[in-house]
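Enquirer: Below: one structure in structure tokens.
There are 2 protein chains.
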Amino acid sequence: MTGLGFQLLATSGAARRGRLSTAHGTAETPAFMPVGTAATVKAMTADAVRSTGAEIVLGNTYHLMLRPGAERVERLGGLHKFMDWPGPILTDSGGFQVMSLAQLRDIDERGVRFQSHIDGAKEELTPERAMDIQRRLDADVTMVLDECTSWPIEAGPAAESMRRSMRWAERCKAAFVKRPGYGLFGIVQGSVYPELRAESAEALVKIGFDGYAIGGLAVGEGRDHMLTTVRQTASLLPADRPRYFMGIGRPEDIVASVALGIDMFDCVIPTRSGRTGQAFTRRGPINIRNARHAEDPRPIDQDCACPACRTYSRAYIHHLVRAEEILGLMLMSWHNVHYYQDLMRDIRASIEADGYEAFMARFAAEQARGDIAPV
Amino acid sequence: MTGLGFQLLATSGAARRGRLSTAHGTAETPAFMPVGTAATVKAMTADAVRSTGAEIVLGNTYHLMLRPGAERVERLGGLHKFMDWPGPILTDSGGFQVMSLAQLRDIDERGVRFQSHIDGAKEELTPERAMDIQRRLDADVTMVLDECTSWPIEAGPAAESMRRSMRWAERCKAAFVKRPGYGLFGIVQGSVYPELRAESAEALVKIGFDGYAIGGLAVGEGRDHMLTTVRQTASLLPADRPRYFMGIGRPEDIVASVALGIDMFDCVIPTRSGRTGQAFTRRGPINIRNARHAEDPRPIDQDCACPACRTYSRAYIHHLVRAEEILGLMLMSWHNVHYYQDLMRDIRASIEADGYEAFMARFAAEQARGDIAPV
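Taken in sequence, the protein lines are chains A and B. Just so you know, the numbering used here puts 266 at position 65 of the first sequence, and the rest follows in order with no gaps. Just so you know, the numbering used here puts 247 at position 46 of the second sequence, and the rest follows in order with no gaps.
Here you go:
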């Protein structure tokens, strides 16, 4: 195998059922990657993450380069060993977090200089350094360094930024060390402007990548703009390569994006909103802090087989979250990550059966039922 | 079975190897009870607690009466079901925490009135209410309400407080509802004064309890005073009933107290100090935050079989704790509770082999070796 393998197993409309093959094993697609920012999916052991059915996780280059440092992770045998995740790992390039977290950012053709949000240390991220860091981390899927533009943005600045990201993509490709089972993804930019997205996609396909991501969305442009852009962009990408919509989303956004031909997703929503008390269920999200759960002996989701639902009542988890007990964060995160993996399993099965449209209708109807009535 | 069963299986000097039998199963003694303050051993699932070998856990009446409330726990089927702990549970009486946590305490013959540290609500705890709450929680082992005196304290006030606690003990006995497999423990008070301890023990034995606890120690009196008092008090207690030294302690304090005839322990040290970065090992405690662990690929304790030690390096846990990741708290707590249960297993085995004195010497020598050298 050279680079990453990607097998297209079935389709249902534009929805695709595939399999990503990496140096550390395979991941069935459409896949949702739990986010392991600082080499841990927050509040979960790696065993717990595996138990949900997740096959590939995401690590954040920005966080890991600052702490514990890419060189240290490399000396310790790479990210897989470090965090007990022998399966596939995708790392982002650090560009997005530099823009959202670091201080005193200074971006130019060379790259981006910034101060660490942890200790104020001066750091630099260039396309070449982003490749170097991700190689040291031993990421199966490496992402090119790009600039994720904010919203709103005019077409002019969006074009300038996108074109620089494309030049960076070329430098990333040149710097990326090819190894069997390891691959590099390009990232389409261009905000909501179709002609910019087309130009970006064309540039990336010309360079040639193992997969293609759609970046720069879910930054405030609204759901219609987002899905329209995904639809247009996905149609410009090679059918035989995986497509990754970065940083989304809510269950309904994932369901809608799969219908547009997306294969991979990542998002902090299941873990982050779990920590604030939001639980996803087959009847829509609930807030476990709500007083109506205080004496409810039923699980968060009676159709869920996660340990939180198999073992504990809403009343107990309500109590834990109200009391700010760590176990509350643990159980909420576990349930939500499990819910997302259940969703992906259902999505994959419905594509295999060429019934994705019916699945979408059923999903929407189920979510609209609303939470089970209080006891 | 009426009340609690206690079988003495072996002795080694004054050290005792026994078995406590309750309505929810047995616990081998000497036993260490992880503290599940608010119906959770902090940062651990009940499964994780079980995996350490713990057979009995402690719940705090004070915390549970305030949130979620004893009546609510009762309506939800009791504490065992609520927190997924089908095994034996001991609850304290709430007296200690009222004194250390609540506001505007007002104590008299009737009981203690206070304001909740959570919402300022006015509450009252009397001997009768303490029995009522623990019955509703469905505790296998109920503790009498007592006053844990602070340190330093003169003999006069210590005597007054102890005598009131003895009158409360009598009221607790009268209010306690006898059920097979459920039992009530008295608590010896009297600070460091031998004549007061003797008077207290005599009073309790006259009332008659299923077990006897030693309270009012480890409050600042120092290790010598503490162990001298335990030695004297234990010698006054019935040999056929379990003895529980409340609220300690560090591994060396447990080892020393077992030699004085103590059967049961509880302490927040393994979980609380785990959350601050202290890990217990067979070569003494280490602070995982220390920079020398930053690249150490070895486990916290190479002789430990807990999931943290089997799976993760010191370097990884160091990183997690430094980065304030929840998984760091989870793994440190898991390891420490596992270490304590390993210690209790070793203690029990050495008593069975009538080799407790040799065990104590070996334990002290091992702890004195100091941490393994850095790689």
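For every residue, glycine included, the Cβ atom is placed at its ideal position computed from N, Cα and C.
Spell out whether any CB of chain A is found under 8 Å from the CB atom of MET234 of chain B.
Expert: Numbered from its first residue, the second sequence carries residue 234 of chain B at position 33. Chain A contact via Cβ: absent.
Enquirer: By the criterion of Cβ-Cβ separation under 9 Å, what are the contact partners of ARG523 of chain A in chain B?
Expert: Stepping through the first sequence from its first residue, residue 523 of chain A is reached at position 322. Going along chain B in sequence order, the residues near ARG523 of chain A (Cβ under 9 Å) are ARG268, PRO269.
Enquirer: Ignore the nearest five residues each way along the sequence and tell me which others in GLU256 of chain A's own chain have a CB closer than 6 Å to its CB.
Expert: Taking the first sequence and counting its residues from 1, one reaches residue 256 of chain A at position 55. Taken in chain order, the residues that qualify are ALA228, GLY288.
Enquirer: Return the CA-CA distance between LEU265 of chain A and SER551 of chain A, expressed in angstroms with no decimal places.
Expert: Here residue 265 of chain A corresponds to residue number 64 of the first sequence, with the count starting at 1. Here residue 551 of chain A corresponds to residue number 350 of the first sequence, with the count starting at 1. Between LEU265 of chain A and SER551 of chain A, the C-alpha separation is close to 37 Å.
Enquirer: Using beta carbons (cut-off 8 Å, strictly below), is TYR540 of chain B in contact with chain A?
Expert: Stepping through the second sequence from its first residue, residue 540 of chain B is reached at position 339. False, the Cβ-Cβ gap to chain A never drops below 8 Å.
Enquirer: What would DSSP say about ALA228 of chain B, mapped onto helix, strand or coil?
Expert: Against the second sequence, residue 228 of chain B aligns to sequence position 27. Three-state DSSP puts ALA228 of chain B in a strand.
Enquirer: Got a sec? Which residues, its chain only, sit under 6 Å from ILE463 of chain B by beta carbon, not counting five neighbours each side?
Expert: Translated into the one-based positions of the second sequence, residue 463 of chain B becomes position 262. Correct list, in chain order: ARG444, PHE446.
Enquirer: Does any residue of chain B bring its CB to less than 8 Å from the CB of ALA302 of chain A?
Expert: Counting from one through the first sequence, the residue named residue 302 of chain A turns up at place 101. A small correction: the amino acid at residue 302 of chain A is Leu; Ala does not occupy that position in the sequence shown. So, not an interface residue.
Enquirer: For THR343 of chain A, does the count of other Cβ atoms within 10 angstroms reach 16, so buried, or fall short, so exposed?
Expert: Stepping through the first sequence from its first residue, residue 343 of chain A is reached at position 142. With 16 or more Cβ atoms within 10 Å of its Cβ, THR343 of chain A is classed as buried.
Enquirer: At a CB-CB cut-off below 8 Å, which residues of chain B make contact with HIS281 of chain A?
Expert: The residue you call residue 281 of chain A lines up with position 80 of the first sequence. Going along chain B, no residue has its Cβ under 8 Å from HIS281 of chain A, so there is no contact; the nearest lies around 12 Å.
Enquirer: Taking 8 Å as the CB-CB cut-off, is ILE527 of chain B touching chain A?
Expert: Numbered from 1 along the second sequence, position 326 holds the residue referred to as residue 527 of chain B. Closer than 8 Å to some Cβ of chain A, the Cβ of ILE527 of chain B qualifies, so yes.
Enquirer: When the Cα of GLY254 of chain A is compared with those of A:TYR517, A:THR230, A:ALA331, A:GLU371, which residue comes out closest?
Expert: Your numbering for residue 254 of chain A matches position 53 in the first sequence. Ranking the options by Cα distance to GLY254 of chain A, first place goes to A:THR230.
Enquirer: By the three-class DSSP mapping on this structure, what secondary structure does ALA492 of chain B have?
Expert: As a position in the second sequence, residue 492 of chain B is number 291, starting the count at 1. Three-state result, ALA492 of chain B: helix.
Enquirer: Distance check for LEU267 of chain B and GLU275 of chain B, CA to CA, integer angstroms please.
Expert: Within the second sequence, numbered from 1, the residue matching residue 275 of chain B stands at position 74. Within the second sequence, numbered from 1, the residue matching residue 267 of chain B stands at position 66. When rounded, the distance between both Cα atoms is 14 Å.
Enquirer: At a Cβ cut of 8 Å, what residues of the stretch 323 to 341 of chain A count as close to chain B, listed as they run along the chain?
Expert: Answer set for the stretch 323 to 341 of chain A: empty.
Enquirer: What does the alpha-carbon distance come out to for the pair ALA524 of chain B and ALA239 of chain A?
Expert: The residue you call residue 524 of chain B lines up with position 323 of the second sequence. The residue you call residue 239 of chain A lines up with position 38 of the first sequence. Each residue's Cα considered, the two are about 8 Å apart.
Enquirer: Thinking ASP497 of chain A and ARG483 of chain A are a contact (beta carbons under 8 Å), I'd like their distance in whole angstroms, please.
Expert: Looking up residue 497 of chain A in the first sequence gives position 296. Looking up residue 483 of chain A in the first sequence gives position 282. The pair is not a contact, with the Cβ atoms about 16 Å apart (cut-off 8 Å).
Enquirer: Listing by chain order, which chain A residues have their CB less than 7 Å from the CB of THR241 of chain B?
Expert: Your numbering for residue 241 of chain B matches position 40 in the second sequence. The answer, in chain order, is LEU521, GLU526, LEU528.
Enquirer: Can you tell me whether ARG398 of chain B is buried or exposed, with buried defined as 16 or more other CB within 10 angstroms of its CB?
Expert: Taking the second sequence and counting its residues from 1, the one referred to as residue 398 of chain B is at position 197. So ARG398 of chain B counts as buried.
Enquirer: With DSSP as the reference, identify every bridge partner of THR235 of chain B, one or two as the case may be.
Expert: Mapped onto the second sequence, residue 235 of chain B falls at position 34. Note on identity: in this sequence residue 235 of chain B is Pro, with Thr being the wrong assignment. Partner(s): B:CYS468.
Enquirer: Going residue by residue through the stretch 424 to 490 of chain B, where are the continuous alpha helix (DSSP H) segments of at least 4 residues, counting only ones entirely within it?
Expert: Whole alpha helix (DSSP H) segments, 4+ residues: 424 to 436, 452 to 459, 470 to 476.
Enquirer: Taking Cβ positions, are TYR263 of chain A and GLY295 of chain A nearer each other than 8 Å?
Expert: Position 62 of the first sequence, counted from the start, is the residue given in the question as residue 263 of chain A. Position 94 of the first sequence, counted from the start, is the residue given in the question as residue 295 of chain A. The answer is yes: Cβ separation under 8 Å.
Enquirer: State the DSSP-derived secondary structure class of THR262 of chain B, mapped to helix, strand or coil.
Expert: Along the second sequence, one-based indexing puts residue 262 of chain B at 61. DSSP places THR262 of chain B in helix when its eight states are reduced to three.
Enquirer: Are any of the Cβ atoms in chain B nearer than 8 Å to that of ARG493 of chain A?
Expert: In the first sequence, the residue the question calls residue 493 of chain A occupies position 292. Not one chain B Cβ lies under 8 Å of ARG493 of chain A.
Enquirer: Using a Cβ-Cβ distance under 8 Å, would MET202 of chain B count as near chain A?
Expert: Here residue 202 of chain B is taken as the residue at index 1 of the second sequence, counted from 1. For MET202 of chain B, the predicted model reports a pLDDT of 47, less than 50, meaning its position is unreliable; a value from the coordinates is still stated below. It does not: the Cβ of MET202 of chain B has no partner Cβ on chain A nearer than 8 Å.
Enquirer: Assuming PRO235 of chain A and THR472 of chain A make a contact with CB atoms under 8 Å, what is their CB distance in whole Å?
Expert: The count along the first sequence starts at 1 and reaches residue 235 of chain A at position 34. The count along the first sequence starts at 1 and reaches residue 472 of chain A at position 271. Confirmed, about 7 Å.
Enquirer: Give a yes or no on whether the minimum CB-CB distance between PRO498 of chain B and chain A is below 8 Å.
Expert: Start at 1 with the first residue of the second sequence, and residue 498 of chain B comes out as number 297. By this cut-off, PRO498 of chain B is an interface position.
Enquirer: Can you tell me whether MET344 of chain A is helix, strand or coil according to DSSP?
Expert: Indexing the first sequence from 1 puts residue 344 of chain A at position 143. DSSP places MET344 of chain A in strand when its eight states are reduced to three.
Enquirer: Considering Cα atoms alone, identify which of B:ALA215, B:GLY219, B:GLY214 is closest to GLN208 of chain B.
Expert: Numbered from its first residue, the second sequence carries residue 208 of chain B at position 7. When each option's Cα is compared against that of GLN208 of chain B, the closest is B:GLY219.
Enquirer: Mapping the DSSP letters down to three states, classify GLU553 of chain B as helix, strand or coil.
Expert: Start at 1 with the first residue of the second sequence, and residue 553 of chain B comes out as number 352. In the structure shown, GLU553 of chain B sits in a helix (DSSP, three-state: H, G or I).
Enquirer: May I ask you to report which of helix, strand or coil DSSP gives PHE377 of chain B?
Expert: Locating residue 377 of chain B in the second sequence gives position 176, counting from the first residue. Three-state result, PHE377 of chain B: coil.
Enquirer: Consider the Cβ of MET284 of chain B: report whether some Cβ of chain A lies at a distance smaller than 8 Å.
Expert: Reading the second sequence from its first residue, position 83 is the one you call residue 284 of chain B. Cβ-Cβ to chain A under 8 Å: yes for MET284 of chain B.
Enquirer: Does LEU259 of chain B have its Cβ less than 8 Å from a Cβ in chain A?
Expert: Numbered from its first residue, the second sequence carries residue 259 of chain B at position 58. Not one chain A Cβ lies under 8 Å of LEU259 of chain B.
Enquirer: Rounded to whole angstroms, what's the CA-CA distance from LEU528 of chain B to THR434 of chain B? Just pull it up for me.
Expert: The residue you call residue 528 of chain B lines up with position 327 of the second sequence. The residue you call residue 434 of chain B lines up with position 233 of the second sequence. If I take the Cα positions, the gap works out to 42 Å.
Enquirer: Can you name the start and end residues of the alpha helix (DSSP H) that GLY296 of chain A belongs to?
Expert: One-based indexing of the first sequence puts residue 296 of chain A at position 95. Segment 296 to 302, the alpha helix (DSSP H) holding GLY296 of chain A.
Enquirer: Would you report the Cα separation of GLY450 of chain B and MET427 of chain B, rounded to the nearest angstrom?
Expert: Locating residue 450 of chain B in the second sequence gives position 249, where the first residue counts as 1. Locating residue 427 of chain B in the second sequence gives position 226, where the first residue counts as 1. One C-alpha to the other measures close to 11 Å.
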